[in-house]
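>
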RNA sequence: CGGGCCGUAGUAUACCGGUAGUACACCUGCUUUGGGAGCAGGUUGACCGAGUUCGAUUCUCGGCGGCCCGACCA
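In our numbering, the protein residues as written are 174 to 595.
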C-alpha cells in the first residue's frame with residue numbers, strides 16, 4: 174500500500190518558520206501565518222498561500238462545498254477576467270468604486286470579478302426558459318478582486334481574496350424566502366463545523382435591496398463591525414441599522430438583554446429581487462404562461478477571511494491553534510535525536526501506519542534540536558503532537574500532546590490509531 | 001481619499017554628514033542533543049530620483065512602498 178500523499182515529511186517542506194514577525198505586520202493573523210510559513214505577502218492586501226496555508230484553505234473550502242451541495246448548489250468555476258459590457262449594463266461599472274478597471278493594449282476595457290452577478294445572470298439566462306428549470310443555485314469558490322482604498326488586518330481584508338459566492342434563481346418570492354432560510358441554516362452549519370460561533374445578524378441590504386439581509390458575524394476584536402446581540406436568544410443586529418443600544422431589553426424574547434461586541438463579517442446573504450434579471454432581460458415562463466423575471470439571491474462566504482478569523486480566535490502566545498476540521502495535518506509527528514537510528518525507524522513506522530490509516534501527518538524528520546522542534550510544532554498549531562524519542566522508545570508508548578489544551582497522554586501505536594480513527 | 005508613523009543584510013535592529021555594527025538565519029568545521037545550543041571561521045545590507053555639500057545611508061524635496069487611525073467597503 175502506498176503512503177497517503179496527504180502526509181508530508183517536514184524535511185521536504187520548502188517553507189520554514191521564523192522567530193520574528195515582519196515589523197510592519199501588526200495583526201495577529203498576519204504575524205503568525207507569516208512566521209509559520211503559511212502565507213507569503215505580495216503587497217498590501219494580497220497574499221500567496223503556501224503549502225500549509227493552502228491545505229487549511231482547502232479544508233475550509235471543502236466544508237463550505239459540502240454544505241452548499243447539501244442544499245442543492247451546483248458548483249461551477251466562472252471567469253475572473255470579465256468584459257466591461259455586462260458591468261456597464263448593470264451600472265456597476267460606474268457606481269461601484271471597488272471595481273478594478275483594466276485597459277488592454279488595444280484599449281479594450283475589462284474588469285476582474287469582485288462579485289459575479291454580471292457573469293452568472295447571463296449563464297442562468299442561457300439555460301432557464303421555464304419555471305420548471307427553477308429553483309436553481311449556482312456557486313463557485315474562487316478569487317475576488319476589490320479595489321479597496323485601504324487593505325488591513327492581514328488576510329482579513331485584502332484586495333484579492335477567496336470567496337464562495339452562490340447565486341439562486343426563483344420563480345416566486347415565496348420560493349426565494351424558503352431557500353433563504355435553508356441557506357441561512359446551511360451557513361450556520363458551516364461555521365459550526367469550523368468550530369466558530371457565528372451570529373446571523375440583521376443588517377442593511379446595501380444597494381441590493383431595501384429589505385434586511387443577514388450578515389454572519391463571529392465575535393472577535395479583529396473584526397470591523399459592531400453588533401448588538403441578545404444574551405438569551407439568537408437575535409443579533411448590526412449597530413449600523415439598530416435603533417437600540419447596549420443594555421436595552423431584547424424585543425425578540427422575554428428577559429434577554431442586548432450586549433455590544435466587535436465582530437467580523439464572514440458571510441452575507443442577500444435578496445437581489447429582479448434587479449439583475451431585469452437588467453439582462455432574463456425572463457422565463459411561469460406556470461400561467463407569462464414571461465416573468467426570476468427572483469435572485471446572492472450568498473457569500475469569505476474563505477480567506479474565515480481563515481483569518483480562525484487564527485484570531487484560537488491562536489495563543491505560542492502560535493497557531495487549528496481546529497481539527499481545518500488543520501493542515503491531523504498529527505505532527507516529532508522525532509527527537511535524529512542521529513538515533515532506532516528513533517528514526519520507529520518514527521518512520523508511525524508515519525507509515527498513520528498515513529496508511531488515512532490520517533494526515535506532518536513528520537518532523539529534520540536534523541534539529543528538541544527545543545527548536547517543539548517551538549516550531551507549537552507555532553504550526555497542528556492539533557495533535559506525537560513525540561518519538563529514546564524516552565518514548567523505552568516506555569513503549571508515544572507522548573501525545575494536544576495543542577489546544579496542552580493535555581499530555583501516552584499511547585501505544587494501536588491506541589493512537591484507535592483514537593484517531595474513532 | 002484625509003491624517004499619523006515608518007523604509008538599513010533573508011529577518012529583527014543599532015550608529016553615523018567621512019560607505020555601516022549586533023542578533024538570528026545561511027555556509028564550513030568541531031562539540032552538543034527533551035523547549036529556539038556552544039566555539040572558531042565565512043557570506044550577505046542603506047527603496048528610487050533630485051537638491052544641498054568637497055563628500056549623503058544620514059539633511060531637504062519629490063516619488064514609490066509598508067503599517068496604523070478615520071472615511072470607504074454595491
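Just so you know, even glycine gets a beta-carbon here, dropped at the ideal spot from N, CA and C.
Values in this document were obtained by computation on a predicted structure and should not be read as measured data.
#1: Per DSSP, which one or two residues make a beta bridge with residue 248?
#2: Using the Cα positions of residue 343 and residue 271, report the straight-line distance between them to the nearest angstrom.
#3: Identify whether residue 130 lies in helix, strand or coil by the three-state DSSP scheme.
#4: With distances taken Cα to Cα, identify the nearest neighbour of residue 479 among 188, 395, 214, 570.
#5: By a C-beta neighbour count over all protein chains shown, 10 Å radius and 16 as the cutoff for buried, is residue 592 buried or exposed?
#6: In chain order, what residues of the same chain lie with their CB nearer than 7 Å to the CB of residue 420, ignoring the 5 residues before and after it?
#7: Residue 349: buried (16+ other C-beta within 10 angstroms of its C-beta) or exposed?
#8: Of all the beta strand (DSSP E) runs that stay within the bounds of the segment 185 to 224, which reach a length of 3 or more residues?
#9: Quick check on residue 424: does DSSP put it in helix, strand or coil?
#10: For my contact list, residue 509 and residue 543 are in at a C-beta cut-off of 8 Å; report their separation, rounded to the angstrom.
#11: Using three-state DSSP, classify residue 418 as helix, strand or coil.
#12: In whole angstroms, give me the CA-to-CA distance for residue 433 and residue 399.
#13: Report back the beta-carbon spacing between residue 528 and residue 537 to the nearest angstrom; my notes put them in contact at under 8 Å.
#14: Can you tell me which of the three DSSP states residue 546 falls into?
#15: With a threshold of 6 Å on Cβ separation, who are the neighbours of residue 174 within its own chain once the five nearest residues in sequence on each side are excluded?
#16: Which runs of the beta strand (DSSP E) fall wholly inside the segment 516 to 540 and span at least 3 residues, in chain order?
#17: Residues in the same chain with beta-carbon distance under 6 Å from residue 574, minus the five sequence neighbours each way, listed in chain order, please.
#18: Which residues in the same chain have their Cβ closer than 7 Å to the Cβ of residue 485, if we skip the five residues on either side of it in sequence?
#19: Just the Cα atoms here: how many angstroms apart are residue 368 and residue 403?
#20: According to DSSP, simplified to helix, strand and coil, what is residue 407?
#21: Output needed for residue 584: all residues of its chain with C-beta closer than 7 Å, excluding positions within five of it in sequence on either side, in chain order.
#22: What do you get for residue 334, buried or exposed, if any count of 16 or more other CB atoms within 10 angstroms of its CB means buried?
#23: Whole angstroms is fine: what's the gap from residue 386's alpha carbon to residue 443's?
#24: Where does the unbroken beta strand (DSSP E) through residue 284 begin, and where does it stop?
#25: Whole angstroms are fine: how far does the CA of residue 351 sit from the CA of residue 449?
#26: Going along the chain, which residues of its own chain have a beta-carbon closer than 6 Å to the beta-carbon of residue 560, five neighbours each way excluded?
#27: Below 8 Å on the Cβ atoms is my guess for residue 362 versus residue 474; work out the distance and round it to an integer in Å.
#28: Please work out which residues of its chain come closer than 6 Å, Cβ to Cβ, to residue 494, disregarding the five sequence neighbours upstream and downstream, and give them in chain order.
#29: Assuming contact is defined by CB atoms lying nearer than 7 Å, are residue 552 and residue 502 in contact in what I supplied?
Let me spell this out:
#1: In DSSP, residue 248 forms a bridge with 312.
#2: So the alpha carbons of these two residues sit roughly 28 Å apart.
#3: Residue 130 falls outside the range modelled here, since the chain spans only 174 to 595, and no answer is possible.
#4: Closest option to residue 479, Cα to Cα, is 395.
#5: Classification of residue 592: exposed, given that the 10 Å Cβ count is below 16.
#6: The beta carbon of residue 420 sits closer than 7 Å to those of 430, 431, all from its chain and outside the five residues before and after it, given in chain order.
#7: Looking at its Cβ environment, which holds 16 or more other Cβ atoms inside 10 Å, residue 349 is buried.
#8: The qualifying runs are 212 to 216, 219 to 222.
#9: The answer is coil: DSSP assigns residue 424 none of H, G, I, E or B.
#10: Right, the Cβ-Cβ distance comes to about 5 Å (below 8 Å), so this counts as a contact.
#11: Secondary structure at residue 418: coil, using DSSP grouped into helix, strand and coil.
#12: Those two C-alpha atoms are separated by around 7 Å.
#13: Rounded, the Cβ-Cβ distance is 15 Å, inconsistent with contact.
#14: Helix at residue 546.
#15: Note on residue 174: pLDDT 45, under 50, position unreliable in the model; the coordinate value appears next. Cβ within range, chain order: 529.
#16: Within the segment 516 to 540, the complete beta strand (DSSP E) runs of at least 3 residues fall at 534 to 537.
#17: Counting only Cβ-Cβ distances below 6 Å, and skipping sequence neighbours, we find 558, 581.
#18: Only residues of its own chain outside the window of five on either side were considered, and among them 201, 202, 393, 395 have a CB closer than 7 Å to the CB of residue 485, listed in chain order.
#19: Going by the C-alpha atoms only, they are around 21 Å apart.
#20: Reduced to three states, the DSSP call for residue 407 is coil.
#21: If we look at residue 584 and ignore the five residues flanking it on each side, its Cβ neighbours are 570, 571, 573, 592.
#22: So residue 334 ends up on the buried side.
#23: One C-alpha to the other measures close to 5 Å.
#24: Here the beta strand (DSSP E) through residue 284 covers 282 to 285.
#25: Each residue's CA atom was taken as its position, placing residue 449 and residue 351 some 20 Å apart.
#26: Counting only Cβ-Cβ distances below 6 Å, and skipping sequence neighbours, we find 507, 572.
#27: Taking C-beta atoms under 8 Å as the contact rule, residue 362 and residue 474 fail to qualify, at a distance of about 12 Å.
#28: Annotation for residue 494: 487, 488, 554, 576, 577 place their beta carbon closer than 6 Å to its own, counting only its chain and skipping 5 residues before and after.
#29: No, these two residues do not count as a Cβ contact at 7 Å.
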